[in-house]
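Student: Here our numbering runs 129 ahead of the position in the sequence shown, where the first position is 1. Glycine included, each C-beta is placed from N, C-alpha and C at the ideal position. Note that the structure is predicted; figures quoted are calculated from it, not measured. Below is one structure. I have some questions about it.
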Amino acid sequence: MTHVDESVANLDICGRFCGTCPTYAANHLKSGEPNRLFCARGKSGKSVDAETKDCNCPKCGVHSRYKLTGDFYCVK
Ligand code: SF4
Ligand code: SF4
């Protein structure tokens with residue numbers, strides 16, 4: 130898997146996409162660890178029973194910049 134930098138810029142971009150995602154809201158992922166940048170840090174600790182709705186990752190600038198191909202990084 131491509132290495133995604135845990136930079137402030139990438140965290141900011143992620144906040145705009147994960148942060149507005151219905152899956153993020155439905156599973157209160159903000160209160161888990163990690164709470165953003167799952168494509169770099171791995172899935173959320175709250176992902177065990179996560180209800181998947183939609184995923185904004187394919188629309189995110191980090192996704193295109195690093196040529197990522199996956200989605201739902203918060204749960205897998
Ligand atoms: S990884 Fe995808 S599904 Fe999970 S919170 Fe981020 S945008 Fe939503
Ligand atoms: S690809 Fe998904 S997890 Fe990674 S920065 Fe974008 S929205 Fe966040």
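Leaving out five residues before and five after A179 in sequence, what residues of the same chain have Cβ atoms less than 6 Å from its Cβ?
Tutor: Correct list, in chain order: N156 and V204.
Student: Would you give the residue range spanned by the alpha helix (DSSP H) that D141 belongs to?
Tutor: Unbroken alpha helix (DSSP H) run through D141: V137 to F146.
Student: Which of the three DSSP states, helix, strand or coil, is assigned to R165?
Tutor: Coil at R165, not helix or strand.
Student: Between the Cα of L92 and those of G144, C147 and C168, spot the shortest distance and give me the residue it belongs to.
Tutor: Since the first residue of the chain shown is 130 and the last is 205, residue 92 is not available in this structure.
Student: Buried or exposed: T83, going by 16 or more other Cβ atoms within 10 Å of its Cβ?
Tutor: Since the displayed the chain opens at 130 and closes at 205, residue 83 lies outside it and no answer follows.
Student: Closer than 8 Å by C-beta to T131: which residues in its own chain qualify, once you throw out the five before and the five after it? Chain order, please.
Tutor: Cβ neighbours of T131 beyond the five flanking positions: Y195, K196 and L197.
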